[in-house]
Amino acid sequence: MRLKNKTALITGAAQGQGEAVAKRFSKENCNLILVDKNIKKLQEVNDSINQNGGSSVCYQVDVTNHNNVKNLFDKIKSGFDNINILYNNAGVYDLNDAPTGELEIKKFDKIVEINLKGVFLFCHYFIPILIQNKNSVILNVGSVASYAGDMNAHAYAASKGSMLAFTRSIANYYGKYGLRANVICPGFIDTPMVETFMNDMNIKNQIINSTMLGRFGTPDDVASLALFLASDEASFITGSNYVVDGGLIK
Amino acid sequence: MRLENKVSIVTGASKGIGKTIAEMFAIHGSKVSICSRSSSEKEGTKVVEEIVEKGGEAIYTTADVSNYDDVEKLVKNTLDQWGCIDILVNNAGIGMLKSIENTSTNEWKNIMENNVESIFNCTKIVIPHMRKNGGGSIINLASVASYVGFADDAAYCASKGGVLMLTRQTALDYSKENIRVNAICPGFIETPELIHYLSQTENPALEREKVIAYHPIGRIGSTEEVANVALFFASDESSFVTGADLAVDGGLLTKP
Ligand SMILES: NC(=O)c1ccc[n+]([C@@H]2O[C@H](COP(=O)([O-])OP(=O)(O)OC[C@H]3O[C@@H](n4cnc5c(N)ncnc54)[C@H](O)[C@@H]3O)[C@@H](O)[C@H]2O)c1
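These protein sequences, in sequence, are chains F and G. Mapping of the first sequence onto our numbering: position 116 corresponds to residue 116, and the numbering continues sequentially without gaps. Mapping of the second sequence onto our numbering: position 61 corresponds to residue 61, and the numbering continues sequentially without gaps.
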């Protein structure tokens, strides 16, 4: 029971890594507040957790919508005054993302709004709750693109690179309040986000061949790392970033 | 029990971080083979006795890991006892506070032998046995000094930079055989080594305050907090993690 008596707020929990993290946390006795813009799928995840003996509530939230986030905050601030874990997982890898010269400004805005501003909004509203406990943690999701950039998806690379500096800033400033903040940087993880890569045998093999361990990661591989970083076992880890990429070959 | 039935070697485990890693691994069901130099044989033997008293399995070998023959003895003892090796924690290492000009060639060699060549020895000798066993996990103790320089700390910083790169490189060569290699980069941790370091300074109490202030989290880390990372890297929970490094530094590296 590595997350006993803790409550986690997880964004983008309707599928993929967010869903796996929610289910894994629940197994470790964590209470959950799940949000996603896709309420139908989110409700299914939520129900399945509760049917398996977990404790979860869910809300439809578009993380880019300021009012949505503020309303969520107003709704849950009294009921959940002990949120210990904020897991900013919601994010997009947009297939219309492009090299900078060809990238539509509107597209850029949209990707950065989800992957950066969405994370900022959640941190902005929930840090005051998190620091009421002397022992809270924010986990933001970067990517291997946070370090290496991305050949084509320039807006994605920019937004994911920003996670590193943003998270370090939070760690540096809020350390004195006992708040830890770290980045999880996944490599290629088998989720709906990379379905198009998985379905193209050429791309799929290319990715597998450039991974030391010779496979895609599973959402549960990410959940294992998330669990470690969210638990008190990681109590001296802050401002750090951690890759779970099977060893990408440069 | 996250390491049930696994066989681990932890080097330099008579005190400090290595001792805590050995104890924690034993609690999680691993059989642990530890070593230390002859000068700390008594402490090392005691670590083993305490593990066994609590119902764990452990053996002790007197071995200086900078000596190839000693490492062969350590590995042989482990295999004689349990027949295989799943986990290697390259923890043994030493520090020295000197600028490059004040470092003699022998002092330089001594740091390199103890901090880098020791990992070369252990890794080289253990890998064939991990291969036979279908894989394994190697964990190297690097440092925040693998990323940033510290004043008057030339040889140590260079050696820990080397440990980080050796970690990445070894991960690349052996991933196909399911041997994962990762590094832990601790900030300042409450160990006998730290107390020794503080005692060498003019005003240890003041120096301690300074060290604490390096960490945004406002304190020095515990050996348990480092051992927790080793446990993660050693267990199957990190099965998709190799060639990685993790700072456990209370935010030290976020400071400009
Ligand atoms: N899958 C990979 O290979 C990979 C690699 C590196 C990083 N990542 C990152 O991991 C995180 C999770 O990705 P995944 O692979 O599980 O992807 P996914 O597409 O399967 O899941 C993302 C979830 O976020 C939700 N979401 C998207 N925009 C939202 C918004 N505006 N408001 C609320 N919810 C929103 C989606 O509805 C979905 O449920 C993302 O931040 C992604 O960028 C993924």
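For every residue, glycine included, the Cβ atom is placed at its ideal position computed from N, Cα and C.
Span of the beta strand (DSSP E), counted from its first residue to its last, around residue i
{"i": "P99 of chain F", "result": "Looking at the DSSP string, P99 of chain F is not in any beta strand (DSSP E), and its letter there is neither H nor E."}
{"i": "D36 of chain F", "result": "31-36"}
{"i": "R180 of chain F", "result": "179-186"}
{"i": "P128 of chain F", "result": "Element bounds for P128 of chain F: not the beta strand (DSSP E) but the alpha helix (DSSP H), 118-130."}
{"i": "N182 of chain G", "result": "179-186"}
{"i": "G136 of chain G", "result": "136-141"}
{"i": "T62 of chain G", "result": "58-62"}
{"i": "Q43 of chain F", "result": "Looking at the DSSP string, Q43 of chain F is not in any beta strand (DSSP E); the run it does join, the alpha helix (DSSP H), is 39-51."}
{"i": "T64 of chain F", "result": "Segment: none, T64 of chain F is in no beta strand (DSSP E) and carries neither H nor E."}
{"i": "S56 of chain F", "result": "55-60"}
{"i": "V248 of chain G", "result": "245-248"}
{"i": "N241 of chain F", "result": "241-244"}
{"i": "S8 of chain G", "result": "7-11"}
With 16 other Cβ atoms within 10 Å as the buried cut-off, status of residue i
{"i": "S8 of chain G", "result": "buried"}
{"i": "A151 of chain G", "result": "exposed"}
{"i": "T20 of chain G", "result": "buried"}
{"i": "N89 of chain F", "result": "buried"}
{"i": "Q17 of chain F", "result": "buried"}
{"i": "N205 of chain F", "result": "exposed"}
{"i": "V71 of chain G", "result": "buried"}
{"i": "M151 of chain F", "result": "exposed"}
{"i": "V222 of chain F", "result": "buried"}
{"i": "D36 of chain F", "result": "buried"}
{"i": "V148 of chain G", "result": "exposed"}
{"i": "A26 of chain G", "result": "buried"}
{"i": "M24 of chain G", "result": "buried"}
{"i": "N84 of chain F", "result": "buried"}
{"i": "P186 of chain F", "result": "buried"}
{"i": "T191 of chain G", "result": "buried"}
{"i": "G134 of chain G", "result": "exposed"}
{"i": "L86 of chain F", "result": "buried"}
{"i": "V52 of chain G", "result": "exposed"}
{"i": "T100 of chain F", "result": "exposed"}
{"i": "S38 of chain G", "result": "exposed"}
{"i": "I100 of chain G", "result": "exposed"}
{"i": "I85 of chain G", "result": "buried"}
{"i": "K31 of chain G", "result": "buried"}
{"i": "G214 of chain F", "result": "exposed"}
{"i": "K6 of chain G", "result": "buried"}
{"i": "L246 of chain G", "result": "buried"}
{"i": "S136 of chain F", "result": "buried"}
{"i": "N102 of chain G", "result": "exposed"}
{"i": "G250 of chain G", "result": "buried"}
{"i": "E19 of chain F", "result": "buried"}
{"i": "P259 of chain G", "result": "The requested residue 259 of chain G is not part of the displayed model; chain G covers only 1 to 256."}
Beta-carbon separation (whole angstroms), residue i vs residue j, contact threshold 8 Å
{"i": "V229 of chain G", "j": "I189 of chain G", "result": "Not confirmed; about 11 Å, so no contact."}
{"i": "D190 of chain F", "j": "M198 of chain F", "result": "7 Å"}
{"i": "T238 of chain F", "j": "I217 of chain G", "result": "6 Å"}
{"i": "T211 of chain F", "j": "G175 of chain F", "result": "Contact flag wrong, Cβ pair sits at about 34 Å."}
{"i": "S273 of chain G", "j": "S14 of chain G", "result": "No information on residue 273 of chain G is available, as it lies outside the stretch 1 to 256 that chain G covers here."}
{"i": "T196 of chain F", "j": "F80 of chain F", "result": "Rounded, the Cβ-Cβ distance is 37 Å, inconsistent with contact."}
{"i": "I184 of chain F", "j": "Y93 of chain F", "result": "15 Å between Cβ atoms; not a contact."}
{"i": "L9 of chain F", "j": "A22 of chain F", "result": "Their Cβ separation, rounded to whole angstroms, is 10 Å, which puts L9 of chain F and A22 of chain F out of contact at 8 Å."}
{"i": "V69 of chain F", "j": "V63 of chain F", "result": "7 Å"}
{"i": "N115 of chain F", "j": "G91 of chain F", "result": "5 Å"}
{"i": "I170 of chain F", "j": "I203 of chain F", "result": "So it is not a contact: roughly 35 Å between Cβ atoms."}
{"i": "V144 of chain F", "j": "L229 of chain F", "result": "The pair is not a contact, with the Cβ atoms about 17 Å apart (cut-off 8 Å)."}
{"i": "V112 of chain F", "j": "A155 of chain F", "result": "6 Å"}
{"i": "G217 of chain F", "j": "F236 of chain F", "result": "The pair is not a contact, with the Cβ atoms about 26 Å apart (cut-off 8 Å)."}
Run of the alpha helix (DSSP H) containing residue i, from where it starts to where it stops
{"i": "R168 of chain G", "result": "154-174"}
{"i": "K31 of chain G", "result": "Premise fails: K31 of chain G lies in the beta strand (DSSP E), 31-36, not in any alpha helix (DSSP H)."}
{"i": "I256 of chain F", "result": "Beyond the ends of chain F as shown, which are 1 and 250, falls residue 256 of chain F; an answer cannot be given."}
Check: Should the region 114-123 of chain G be called in touch with the region 162-175 of chain G, which here means at least 3 C-beta pairs below 8 Å?
Finding: Taking a cut-off of 8 Å for Cβ pairs, the region 114-123 of chain G and the region 162-175 of chain G touch, as three or more such pairs fall below it.
Check: Touch check for the region 25-42 of chain F and the region 107-116 of chain F: three-plus C-beta pairs under 8 Å?
Finding: The region 25-42 of chain F and the region 107-116 of chain F do not touch, with fewer than 3 CB-CB distances between them shorter than 8 Å.
Next item on the list: Report yes or no: do the region 136-150 of chain G and the region 86-96 of chain G share at least 3 C-beta pairs separated by less than 8 Å?
Entry: yes
Check: Does the region 66-81 of chain F come close enough to the region 125-132 of chain F to have 3 or more Cβ pairs within less than 8 Å?
Finding: Under the three-pair Cβ rule at 8 Å, the region 66-81 of chain F counts as touching the region 125-132 of chain F.
Next item on the list: Specify whether the region 235-252 of chain G and the region 172-187 of chain G touch according to this definition: at least 3 beta carbon pairs, one from each stretch, less than 8 Å apart.
Entry: yes
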